[in-house]
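Undergrad: Sequential numbering from 1 applies to the sequence shown in full-length UniProt numbering.
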Amino acid sequence: MAAAFVGGAALGAAFGEGFAVLHDTVKDVVSKARMFKPILKRLESTLNNLAPMVNEITQLSEQLDLRKVETENLIKNMKKGEKLVRKCLKIRWWNYCFKVYYSYKLEELDKEIVRFCQVDLQVHSARNGLRTLVNVNLILQKVDSVVDRKGVPCTVRDPPDFTVGLDMPMKELKTLLLKEEVQLLLLTAPGGCGKTTLVQMLCQDDQIRGIFENNILFVNVSKTPNVKFDLPNYKILVTSRTAFPRFKFTYHLKPLDDVDAMTLFRHSASLHDGSSYVPAEEDVKKIVRGCGGFPLVIKVIGGSLCGQHAVVWHSRLMKWSDGQFYFSSDTELLAHLQKSLEFSDDKVIIKECFMDLGSFPEDQRIPAAALIDMWAELYKLDEDGIHAIANLQELNIRNLASLVMARKDASEVKSYYNEDFVTQHDILRELAMHQSSQESIGQRSRLIINISGNNLPKWWTEQKQQLINARLLSISTDELFSSSWCNIQGSKVEVLVLNFHTKTYTLPEFVEKMDKLKVLIINNYGFFHSKIKNFQLLGSLPNLKRIRLEKVSISLLCETLVPLKSLKKISLFMCNIGKAFENCTIQVSDTFPNLTEINIDYCNDLEELPIGLCDIVHLKKISITNCHKLFALPEEIGKLVNLEVLRLRSCTDLSELPDSIRSLHKLSILDISDCLSIMKLPKHIGELCNLKELNMKGCLRLRTQFPESIMDLEQLKLVVCDEERAKLWEPIKEFLTELKVEVAEKDINLNWLPK
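1. Tell me which residue opens and which closes the beta strand (DSSP E) that T163 is part of.
2. Would you decide whether L40 is buried or exposed? Buried here means 16 or more other CB atoms lie within 10 Å of its CB.
3. Going by other Cβ atoms of all chains shown within 10 Å of its Cβ, with 16 needed for buried, is I211 buried or exposed?
4. So who's on the other strand from I522, going by DSSP bridges?
5. Looking only at its own chain, which residues have a Cβ that is under 8 Å from the Cβ of N469, when we skip the five neighbours before and after it?
6. Hey, out of V182, N214, P731 and F218, whose CA is closest to V199's CA?
7. Measuring only the C-alpha atoms, how far is A432 from E342?
8. When the Cα atoms are used, what is the spatial distance from I532 to R471?
9. Taking the CB atoms as reference points, tell me whether V588 and L613 lie closer together than 8 Å.
10. Less than 8 Å between the beta carbons of R647 and S677, yes or no?
11. Quick one: any contact between the segment 276–284 and the segment 244–261, if contact means 3 or more CB pairs under 8 Å?
12. Alpha carbon to alpha carbon, how far is Q122 from E394?
13. Once the 5 residues before and after K503 are set aside, which same chain residues still bring their CB inside 6 Å of it?
14. Between W729 and E745, what straight-line distance do the alpha-carbon atoms span, to the nearest angstrom?
15. How about the segment 546–556 and the segment 365–377: do they share at least three Cβ pairs that are nearer than 8 Å?
16. Closer than 6 Å by C-beta to S476: which residues in its own chain qualify, once you throw out the five before and the five after it? Chain order, please.
17. Which runs of the beta strand (DSSP E) fall wholly inside the segment 668–752 and span at least 3 residues, in chain order?
18. In this structure, how does DSSP classify I366 when only helix, strand and coil are distinguished?
19. Do you know offhand how far W485's Cα is from V422's?
20. When burial is assigned at 16 or more other CB atoms within 10 Å of the CB, is R209 buried or exposed?
21. Given this structure, state the Cα-to-Cα distance separating C675 from K80, to the nearest angstrom.
22. Are the CB atoms of F354 and L400 within a distance shorter than 8 Å?
23. Just how far apart, CA to CA, sit L496 and G490?
24. I'd like the list of long-range same chain contacts for E607, defined as Cβ closer than 7 Å, with 5 residues on each side in sequence excluded.
25. Could you name the residues that DSSP lists as bridge partners for L572?
26. Using C-beta distances below 6 Å, list every residue in its chain close to A310, excluding the 5 sequence neighbours before and after it, in chain order.
27. Measuring alpha carbon to alpha carbon, tell me which of N524, V519 and V511 ends up nearest Q536.
28. Apart from the five residues on each side of it in sequence, which residues of its chain come closer than 8 Å, Cβ to Cβ, to D205?
29. Where does V404 fall in DSSP's three states?
30. Once DSSP output is grouped into helix, strand and coil, what is the label at S484?
31. Under a three-way DSSP split, which group does A632 fall into?
32. Nearest by alpha-carbon distance to T163: which of M201, E172 and L184 is it?
33. How is E608 classed by DSSP in three states: helix, strand or coil?
34. Note down the Cα distance separating D28 from V85, rounded to an integer number of angstroms.
35. With a 10 Å radius around its C-beta and 16 neighbouring C-beta atoms as the bar for buried, classify T197 as buried or exposed.
36. Any idea what DSSP makes of T188, helix, strand or coil?
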């Protein structure tokens, strides 16, 4: 693993040279290739903005820990990009196909360069930090660990669509921040008062963006900082629930006044849309006054009353109108929010789902797909995720979480949630954990453990064999954790969530004894891919059905691969796959004999689907998405006679589908959307006798007439494509009379990028 990470002048110099050649070429060609001028101008702007940072990377390459594989791949692609830009001069105006193709390739190159800087080197969001990178350790010592190192620098999220009462505070905060003598400013208020929202609004302000442009970092602050360091040209804005006396400049954000509080409550409870019972004005005022002007409390309580009957309003009015005007502590705030966690008997599971969200680290996006896996086993919800998403929507309506869903075509509404995620305010996360901790450690059904450094909880170290009854166990560690575990007897654990930030991570030995474990979720929130040790422990788990790995290197996994006979589903997100299954000592089909679903998403080094996977005859679903280097599927894929769903969306280098897919007679959904390089459909596609849905939007090179066999797709009910491809289907619709052709809207989804 260590060989994959290098820090050296040679690699840095090669990176800088490749960037410079591409930059010069773009500047030379942009004024000559008129047909590509808009995209080339955008690419030139990107390169102009990144040039100073690239120079600093080159100069500091001996101190930087550059990622060898990713850096070499980008250097190679920049060389290809230079040739691509040159070719733009040779494309004639009438050749629309090549214009579209080259435009797309240029856009992909532009995105890859920015993505490389944002995700792998964090250049975009750490530009100012690079100027002092050589002294970063000294700076961290001076800050006294103020920055929670799990918080990777990132761009600021957009503020909520609806806000009230923050215009004047933003004006005052901006005025104070921009004063020449102010370098470090504290924004303080109790939890749930709107500090983060105010900062998000500030960062969207035209004047602020004009001054700082793209040079804004957003990191988590969790400890009292040492403010005696000196970083020139910085403006540091810290938000905290505590007013630290050592800060010279402080802005105190006040709760909402009565007017703004009423406006926010009416919006949250949807009192204007006619769908809710509208109580007497005085009753509303009593409830709002009880919220103390705290936006978070107002939104949560308003959301919990949205659409409720009069009897519910009156019942809760009696509980909430207690004259509470101010929360003197987070404990009081949590106690007040706890009153909103009232669900009818038929919705009590939604409260359980809310508490499960505390299993993931603060300020991190929670993939909807991970929650679907958890809840399918914990609460026996459907495996397609429909009921899980419905529960998340209910939490979203109640303002207990924020569900962000990508726009979906008709074929995706009930089946594809890989791009959807959940976020949660830190106070609400604390509420979830508070609710989960009402019982003693050993009796909790949901045990959430957060470990800082090697400081294990006292209750854990006091007993050699700590017995727990939890069905869900979540353990979060930071980058200082050394993988030194104490023992836990978790014989009832069904879902295990492991969150960490290190380059290597050792599975705890006690996992081996979790006989009831059904779901394992491993999330790496660090900068680099992590190598997992002790993976062989999973071979002793008789009921393990689902594994989800995020940002994990599985290229050497075959060295410790053991048969997982109960495994039904495996999901790999942003993992390094490499040649993972090529040199295994046992057949892949013997390792996963009962696997029915595999999801591979944003695995950038996947070039070919391992042939061994085609021997897993029980496979029903294969989803390979956003794997841009995947160029071929093996002919052996035709052996997967039980396959029902084949999703290959956004695999931009995939040039064709093997003709052997004609043997997939149970295939009902085929998704090749945004597979730019596919130029034709398989000759015998008509033999897919059970195909019902075909998504081919964004297949820009697929311009020829379809094969004659397509007329045999008698079960085909829905085709999703763009307007140009829709015209090719018009004559076919005369024969396939039940076929609906849906023209998809153009959509570029970058939600997967860290914020």
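Quick reminder that beta carbons are idealized off the backbone N, C-alpha and C, glycines included.
TA: Let's see:
1. Element bounds for T163: n/a, residue is neither H nor E.
2. Counting C-beta atoms within 10 angstroms of its own C-beta, L40 has 16 or more neighbours from the protein chains shown and is therefore classed as buried.
3. With fewer than 16 other Cβ atoms from the protein chains shown falling within 10 Å of its own Cβ, I211 counts as exposed.
4. Its beta-bridge partners are L498 and L549.
5. Correct list, in chain order: G442, Q443, R444, S445 and K492.
6. The alpha carbon of V199 has as its nearest neighbour, out of V182, N214, P731 and F218, the alpha carbon of F218.
7. Whole-angstrom Cα-Cα distance: 13 Å.
8. Distance between the alpha carbons of I532 and R471: 24 Å.
9. For V588 and L613, yes; Cβs fall inside 8 Å.
10. With respect to the 8 Å criterion, R647 and S677 are not classified as neighbours on the basis of their beta carbons.
11. By the criterion of at least three beta-carbon pairs nearer than 8 Å, the segment 276–284 is not in contact with the segment 244–261.
12. Here the model assigns Q122 a pLDDT of 41, short of 50, so the residue's position is not dependable, and the following value carries that caveat. Cα-Cα distance, rounded: 35 Å.
13. Answer for K503: F528 and S530, listed in chain order.
14. Each residue's CA atom was taken as its position, placing W729 and E745 some 17 Å apart.
15. Remark: three or more beta-carbon pairs, one from each stretch, lie closer than 8 Å, so the segment 546–556 and the segment 365–377 are flagged as touching.
16. Cβ neighbours of S476 beyond the five flanking positions: P361, N450 and N499.
17. DSSP assignment within the segment 668–752 yields the following whole beta strand (DSSP E) runs of 3 residues or more, N-terminal first: 669–671, 693–695, 718–721 and 740–743.
18. The DSSP-derived three-state label of I366 is strand.
19. Straight-line Cα distance between these residues: approximately 30 Å.
20. Counting Cβ neighbours within 10 Å, R209 comes out exposed, since fewer than 16 surround it.
21. In a straight line, the C-alpha of C675 is about 20 Å away from that of K80.
22. Contact: yes.
23. Taking the straight line joining both Cα atoms gives about 10 Å.
24. K629, L630 and F631.
25. Residue pairing for L572: DSSP places it in a beta bridge opposite L549 and I600.
26. Contacts found: Y277.
27. Closest option to Q536, Cα to Cα, is V511.
28. M170 and K174, listed in sequence order.
29. In this structure, V404 counts as strand in the three-state DSSP scheme.
30. In the displayed model, S484 falls within coil according to three-state DSSP, outside both helix and strand.
31. A632 falls in the strand class under three-state DSSP.
32. Of M201, E172 and L184, the residue nearest in Cα terms is M201.
33. Of the three classes helix, strand and coil, the one that applies to E608 here is strand, per DSSP.
34. When rounded, the distance between both Cα atoms is 10 Å.
35. Buried is the call here.
36. In this structure, DSSP gives T188 an extended state, which the three-state scheme calls strand.
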